[in-house]
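Peer 1: Note that the sequence shown covers residues 30 to 264 in my numbering.
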Amino acid sequence: MNRINYTSALTIFLGLIISLTVNAQPLQSLEEIEHVAYMYGMSEAQARYDNPQIVMEPLDKRLRLEECAGELDAFSNSHNNGLGNRTIGIKCHTPVAWTVYVPIKVKVFLPVVVAARPLAAKQIITKADLRIQQHDISTIRQGYLKNTDQAVGQQLKYSVAQGIVLNPKSLVIQKMVRRGEQITLIAKAGGMEVRMSGTALSDATHGQRIQVKNVSSKRIVEGIVDAPGIVRIMM
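(1) Is there at least one non-hydrogen atom of the ligand MG closer than 7 Å to the beta-carbon of R115?
(2) Pull up the distance between the alpha-carbon of R261 and that of V241, whole angstroms please.
(3) Where do the N-terminal and C-terminal ends of the beta strand (DSSP E) with A216 fall, by residue?
(4) Give a yes or no on whether the C-beta atoms belonging to A145 and Q191 are separated by under 8 Å.
(5) Pick out the complete beta strand (DSSP E) segments inside the segment 152-238, 3 residues or longer, and give them in chain order.
(6) DSSP on A66, reduced to helix/strand/coil?
(7) Please confirm if the segment 220-228 is in contact with the segment 161-180, defined as three or more CB-CB distances below 8 Å between the two stretches.
(8) Taking the CB atoms as reference points, tell me whether N114 and P132 lie closer together than 8 Å.
(9) Would DSSP call M71 helix, strand or coil?
(10) With a threshold of 8 Å, are at least 3 pairs of Cβ atoms found where one atom belongs to the segment 92-107 and the other to the segment 138-155?
(11) From S226 to D158, what distance separates their C-alpha atoms?
(12) Can you tell which of G99, S199, L112, V142 has the C-alpha that lies nearest to the C-alpha of V84?
(13) Give the DSSP-derived three-state secondary structure of E96 in the structure shown.
(14) Between N196 and the rest of its own chain, which residues show a CB-CB distance below 8 Å, the 5 nearest in sequence each way excluded?
(15) How long is the line joining the alpha carbons of V135 and M68, rounded to whole angstroms?
(16) For D255, which residues from the same chain have a beta carbon less than 6 Å from its beta carbon, with the 5 sequence-adjacent residues on both sides left out?
(17) Quick one, which of A218, P55, Q237 has its alpha-carbon nearest R207's?
(18) Under 8 Å, do H235 and D178 count as touching if we go by C-beta distance?
(19) Nearest-angstrom Cα distance between S72 and I166?
Below is the structure:
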């Protein structure tokens, strides 16, 4: 065998030995990496929200990592609200240091206010215009309302299609009662309803607490704005 052939054969032989040595090393379970990432993401989400859901994106099955001799460390650099698409870092320290990032998506479904029918711009919203619907808040960018009372009596800045989530920025807050205005006080007790005249001591919107001076008794009472010029006293 000449020198060139000998050198080539030796190179191939050494390459095979190195390849066999590398392949002989135990490989890290990708399922374990994904499980650690899932548990870490779920723990963070549960610290902020009730009943979060974690959607995992599986790691590439071609990924080859030497088996970690110690515990896998999970970490995240996320500084937002923890919702939507994010990545969880998984780090090994020994015998070979490596780090891999696992994509996940955090979903949280909550009851939010949506349009029950198409609504026009500048329309004053009524209760019949709204409904409560479960929605993944990770997809909501402009905020949302939890209660229909937050929108009833307000004006829309722009048109909204049926089923669309209403957000605070879509509303023009309307004052239903203004300071010094003569309003109607309504009190219910024992199945009876009593109406009295009063003077509002401040501006207020729908559902807001307000102090009112009873015109007859001169007493100051507190109630909740129910409609334009209407304040209900809680008995």
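Glycine included, each C-beta is placed from N, C-alpha and C at the ideal position.
Predicted model, so just to flag it, every value in this text is computed and none were measured.
Peer 2: In short:
(1) With respect to the ligand MG, the structure shown offers nothing to examine, as it has no ligands at all.
(2) Distance from the CA of R261 to the CA of V241, rounded to the nearest whole angstrom, comes to 10 Å.
(3) 211-218 is the extent of the beta strand (DSSP E) around A216.
(4) Contact: yes.
(5) The qualifying runs are 159-165, 211-218, 221-229.
(6) DSSP places A66 in helix when its eight states are reduced to three.
(7) They do not touch, by the three-pair rule.
(8) Contact flag set, yes.
(9) The three-state secondary structure of M71, taken from DSSP, is helix.
(10) Contact between the segment 92-107 and the segment 138-155 is absent, because fewer than three Cβ pairs lie under 8 Å.
(11) Each residue's Cα considered, the two are about 31 Å apart.
(12) By alpha-carbon distance to V84, the top candidate from G99, S199, L112, V142 is L112.
(13) Here E96 carries a coil assignment [DSSP, helix/strand/coil].
(14) Apart from sequence neighbours up to five positions away, the residues of its chain that approach N196 with a beta-carbon distance below 8 Å are I169, Q171, G172, Y173, L174, ordered along the chain.
(15) So the alpha carbons of these two residues sit roughly 12 Å apart.
(16) So the qualifying residues of the chain are R261.
(17) Here the closest residue by C-alpha is Q237.
(18) Taking 8 Å as the Cβ cut-off, H235 and D178 qualify as a contacting pair.
(19) Approximately 18 Å between the Cα atoms of the pair.
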